[in-house]
Amino acid sequence: MAAKVFTIDGQEISATEGQSVLEAAHEAGIRIPTLCHLEGVMDVGACRLCLVEIAGSNKLVPACTTQVADGMVVATTSERLQRYRRLLLELLFAERNHVCAVCVSNGHCELQSLAMHLGMDHVSFPYTFPKLEVDLTHRLFGMDHNRCVLCGRCVRVCWYVEGAATKNFSGRGASSRIISDLNQPWGESRTCTACGKCVHACPTGALFEKGTTVGEMQKDRGKLEYIVTAREKKQWIV
Amino acid sequence: MVLAELIAIKERELAARKPVVITCCLAAGCLSSAGQAVKEALDQAVKTASLDAEVEVRGVGCMRLCCEGPLVFIDPPGTLYQQVKPEDAASLVGTVRGGTTHVARGEPNHPFFARQMSIVLENSGFMDPERIEAYIARDGYLAVRNVLREMTPAEVVSEITRSGLRGRGGAGYPTGLKWSTVAKTSSAKKYVICNADEGDPGAFMDRSVLESDPHRVLEGMIIAAYAVGADQGYIYVRAEYPLAISRLQTAIRQAKQLGLLGSGVFESPFNFNLDIRIGAGAFVCGEETALMASVEGRRGQPRPRPPFPAESGLFGQPTLINNVETFACVPPILRRGAEWFAAIGTERSKGTKVFALAGKVKHTGLIEVPMGMTLREIVQDMGGGVPDGGQIKAVQTGGPSGGCIPAAHLDTPVDYESLGRLGSIMGSGGMIVMDQQDNMVDVARFFMEFCKDESCGKCVPCRAGTVQMHALLCRLLARQATARDLAKLEELCDLVRNTSLCGLGITAPNPVLSTLRFFRQEYLDLLAPEPWKPATPPAPLPGLG
Amino acid sequence: MDRLKIATVWLGGCSGCHMSLLDLDEWLFELAKVADVVYGPLVDTKEYPAAVDVCLVEGAVANTEHVELMHQIRQRTRVLVAFGDCAVTGNVTALRNPLGSAAPVLERAYLDPANLRPALPHEPGVVPPLLDRVLPLQEAVPVDFFLPGCPPPADRIKAFLQELLAGKAPHLTGANLRFG
Ligand SMILES: Cc1cc2nc3c(=O)[nH]c(=O)nc-3n(C[C@H](O)[C@H](O)[C@H](O)COP(=O)(O)O)c2cc1C
Ligand code: SF4
Ligand code: SF4
Ligand code: SF4
Ligand code: FES
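Chains as they are written, first to last, in my numbering: chain A, 1194 to 1431; chain B, 573 to 1117; chain C, 8 to 187.
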């Protein structure tokens, strides 16, 4: 595969052809904020937090779905990008009911930590305070829609890693919801294998293991990466 | 099917024309005002008067002046009748024998008709859309035959390129360039898709074309498929258009029977199958990548581009996707030549554009005008201005992705670039006239509500940002918003336009931005004072910025 | 320079933020060297004084009395700080908002569990009516600075106040900006 050389935040780095700007940046130790990106499953460009500027174009592009090209000049930290990222986080916090103080994921949450690192000290939009369900019908896991950011990571691991195709989206716009099967209670799903991959893929406290209380739900991404790597490199245990 | 047969059909059809033809509009507008009953009453009246041999009653597609429907046209003598009721049938048929009728007559010479230029709608209102012979009699499918027999695919692409045709689905992307991109890909499997999702509120241009002249769209698609090397096509129509769907089904069946679709089109080695896919009425499914996901049977959500459909589209294969009206322009271009088409319109916007003229104008309905005509000519001369002598305040084009052009700019020519400079877009062809009674903030709220409800929910700025913008506009209208809220609204417009994934989100702020640009005072007039306002502004701490 | 006038206010919150403020322990003596606490649950002043330099507001705006008080405070205060998650986000106090209005909350609290003469409290002029929607501070009045945390740990409060007292605009970063 051909190597590509491009510049990111003033630093020249090389990448392999077909690599995304995000991957190449991470390999070079440059962190770009992400939320819908999950190592091991395809990218969808939904959260827009990884937007970057490309010299010569005034269109912002998501680093996760943009392939590197020779001579590309990428900027990831302009004042404008930082401001947009903060506003996007504010929109997410205002959209559902995030009460970190009483959340299972408090202290281990990607959303909470993004707010921290991007300097979001408050939400400047009115909170919408929607009335949302909590599905506790599953034997092992719970789903709290109040904390879901609709990143779709659970859906993608469920379809493309586990292959169960239990999780999906329903509705559109602000009425979008993550559902199990054809919107059954999770516990009644015939397809769910109770593998727990969605729980560990979820960046927030929306999906959790039953029996965890405030701050106890730590997600194990290592397991997912392990499975995906094993599959890609055919490292089967025989 | 060979040329001789095509000509034979045409001649048979022309020979069968009866001395008098009574055309009766059976497109959606007139159907909704009892057009079908009028047609049946006319049939009956002809029978009763024993005029079967002389008079043909023909159900046709849209006759344009929808606000005066049901419309009936008797030729000869060439008289248009408006607001016809079933009980008028006998007296109308009576006029053929010199009788009189009290039914209101239209003015075929009124600028509303006289200034139109029909290319896309050339058959609309004259021809029975459910009979392929009627289309062939008006030189239908002649272009396909000539293309397949006498032109290479590259020549077809070049003809389209030289015609200057641009996409009529909204963005105005050069059609020839799109075709040549797909044609150049080396994939063995390629697709052609016709985008008939038409989700803009108030738009019914594509619907009229499909209902009035479905074969024209088929012919355009066959030519496109040949040019780009595709053998499978889909027409994606929204389920809310049952009449369009049934006429398309009829048209496809007829074309297959005559060997104009399927394997060996016109007895050439070229194969092309065409299927209909029905959308469930989501606006976002008109966006090309969402549309393709929907055709594939997945949730209709856009995905980031690149890759563009031309490289990787339906089922991962190179795909040509064009709008209904774009395809409808193709047969006449190939019949009459690229130069003929390129001579119409302006420097960079060629040909004609169909608009659905609506709102505060005397004459509402469907119009097709050459590009470059000014807004004033359209809304004042053709539309007759505001009824009861009111004043035009603004003209909205482009629906939820467009903007409001104030009366001061009515002399703007209607072309892609001029409308873009004013913060609006050509869009798919909605044109709404507003008068002094219309509140521009409320107009912005209306479109924002539409975008909020139609956002697919995939990306954060559009899903959550439209909710916040809509709430702010509602607060403004309730006179509860402060100057801080207005600043917030502008900040959100900037965010959503620059960070959204697809065109829906990117253009959702347009109605707000354009009304802010030209009617800012209306926003300012609605502002409420800050309830906490200190007598003197709080001084900062020493050293505090 | 004059001594700074500091106020603290306790709206719809659990007083945890004030407890955390007391956790500043001996640093409170440092604070007392430059500033006076002129109003708040920790001092006995009935009326919010004029020309307060800094006001730390704990809790969300939950009833009509809070709204009026905040309008008065905003008018009389130079630097207004949303102190703790309830003030910044609504937090636990706003957990009732998805119910849509005050009525279901009052019913749940006073009618459902009561088995003897259930009644809603009604003392005009004494018990302020609940707002239908609990507001974070910045939805009621403009706020100058935000100090998140449930409660903000004492160190975070100290870092914040130190910058403020030094005449700088406090700028919390990293772990000091964590909600919850
Ligand atoms: C939200 C959204 C809705 C759209 N709806 C339509 C539509 O209803 N019909 C259409 O032809 N194009 C629609 N488009 C444009 C298509 O994505 C695409 O550009 C078009 O079909 C290309 O055809 P053209 O080049 O012939 O215009 C829409 C785009 C967006 C972003
Ligand atoms: S999911 Fe994260 S951001 Fe939401 S309440 Fe829990 S910890 Fe806070
Ligand atoms: S449940 Fe979790 S992983 Fe799934 S969409 Fe919501 S936040 Fe993302
Ligand atoms: S811009 Fe709107 S419609 Fe488009 S992908 Fe984003 S949420 Fe969906
Ligand atoms: S990580 Fe790229 S858009 Fe979400």
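In this text, a Cβ means the ideal position worked out from N, Cα and C, and glycines have one as well.
Just to confirm the assignment, what range does the alpha helix (DSSP H) spanning residue 1017 of chain B have? 1012-1026
Just the C-alpha distance for residue 1237 of chain A and residue 898 of chain B, rounded to the nearest angstrom, thanks. 30 angstroms
What does the alpha-carbon distance come out to for the pair residue 1117 of chain B and residue 176 of chain C? Note that residue 1117 of chain B has pLDDT 42, beneath the 50 cutoff, so the model's placement of it is unreliable and the number below is only indicative. Taking the straight line from one Cα to the other gives about 7 angstroms.
Give me, in chain order, the residues of the same chain whose beta-carbon lies closer than 8 angstroms to that of residue 50 of chain C; leave out the 5 immediate sequence neighbours on both sides. 44
Which whole runs of the alpha helix (DSSP H) in the stretch 908-938 of chain B are 4 residues long or more, in chain order? Listed in chain order, the complete alpha helix (DSSP H) runs (minimum 4 residues) inside the stretch 908-938 of chain B are 910-914.
Does ligand 2 have even one heavy atom less than 6 angstroms from the beta-carbon of residue 1397 of chain A? yes
I want to check one thing, is the minimum distance from the CB of residue 1238 of chain A to the heavy atoms of ligand 5 below 6 angstroms? yes
First and last residue of the uninterrupted alpha helix (DSSP H) at residue 871 of chain B: That residue, residue 871 of chain B, is in no alpha helix (DSSP H); it is neither H nor E in DSSP.
Evaluate residue 709 of chain B with the Cβ neighbour count: other Cβ atoms within 10 Å of its Cβ, from every protein chain shown; 16 or more gives buried, anything less gives exposed. Result: buried.
Please work out which residues of its chain come closer than 6 angstroms, Cβ to Cβ, to residue 778 of chain B, disregarding the five sequence neighbours upstream and downstream, and give them in chain order. 768, 770, 896
Is there a C-beta anywhere in chain F that falls below 7 angstroms from the one on residue 1071 of chain B? Chain labels in this structure do not include chain F; the protein chains are A, B and C.
Output the boundary residues of the beta strand (DSSP E) element that contains residue 11 of chain C. 11-17
Can you tell me where the beta strand (DSSP E) holding residue 142 of chain C begins and where it ends? 137-142
So if DSSP puts residue 895 of chain B in a beta bridge, which residue, or which two residues, is it bridged to? B/767
Chain A residues whose Cβ lies nearer than 9 angstroms to that of residue 179 of chain C: 1312, 1314
Work out the CA separation of residue 1060 of chain B and residue 594 of chain B for me, nearest whole Å. 59 angstroms
Return yes when at least one heavy atom of ligand 1 lies under 6 angstroms from the C-beta of residue 743 of chain B, else no. yes
What did DSSP end up calling residue 880 of chain B once you bin it into helix, strand or coil? coil
Please determine if the stretch 962-978 of chain B and the stretch 1000-1013 of chain B are in contact, where contact requires at least 3 C-beta pairs separated by less than 8 angstroms. yes
Please list the segments of the beta strand (DSSP E) lying wholly inside the stretch 773-837 of chain B, counting only runs of 3 or more residues, in order along the chain. 804-810
So residue 63 of chain C contacts chain A; which residues on that side make the cut at Cβ distance below 9 angstroms? In chain order: nothing, as chain A lies at least about 15 angstroms away.
Is it the case that the Cβ atoms of residue 1281 of chain A and residue 1340 of chain A are separated by a distance below 7 angstroms? no
Quick check on this structure: which residue in B/749, B/721, B/723 has the alpha carbon closest to the alpha carbon of residue 734 of chain B? The option with the nearest alpha carbon to residue 734 of chain B is B/749.
Candidates B/576, B/575, B/601, B/579: closest to residue 930 of chain B by CA position: B/601
The stretch 148-165 of chain C contacting the stretch 87-96 of chain C, beta-carbon criterion three pairs below 8 angstroms: The count of Cβ pairs closer than 8 angstroms, one atom from the stretch 148-165 of chain C and one from the stretch 87-96 of chain C, reaches three, so the stretches are in contact.
Beta-carbon contacts of residue 623 of chain B that lie in its chain and below 7 angstroms, excluding the five residues immediately before and after: Excluding sequence neighbours, residue 623 of chain B sits near 665, 668.
Residues from the stretch 1279-1291 of chain A in contact with chain B, defined by Cβ distance under 8 angstroms: 1280, 1281, 1284, 1285, 1287, 1288
Nearest-angstrom Cα separation, counted from residue 1363 of chain A out to residue 1376 of chain A: Going by the C-alpha atoms only, they are around 8 angstroms apart.
With DSSP collapsed to three states, give me the class of residue 1314 of chain A. coil
Confirm the yes/no value for this check: CB of residue 769 of chain B, any heavy atom of ligand 1, distance under 6 angstroms. yes
Within the stretch 1324-1377 of chain A, note down every full alpha helix (DSSP H) run reaching 4 residues or more, in order along the chain. 1346-1350
Inter-residue spacing [alpha-carbon to alpha-carbon] between residue 48 of chain C and residue 13 of chain C: 12 angstroms
Whose C-alpha, out of C/113, C/46, C/63, is nearest the C-alpha of residue 56 of chain C? C/46
What does residue 1083 of chain B reach in chain A if we use C-beta pairs closer than 9 angstroms? Within chain A, no residue has its beta carbon less than 9 angstroms from that of residue 1083 of chain B; the closest one is some 17 angstroms off.
Distance check for residue 1077 of chain B and residue 1245 of chain A, CA to CA, integer angstroms please. Rounded to whole angstroms, the separation of the alpha carbons of residue 1077 of chain B and residue 1245 of chain A is 18 angstroms.
Close-in-space but distant-in-sequence residues of the same chain around residue 1202 of chain A (CB under 8 angstroms, 5 per side omitted): 1223, 1267, 1268, 1269, 1270
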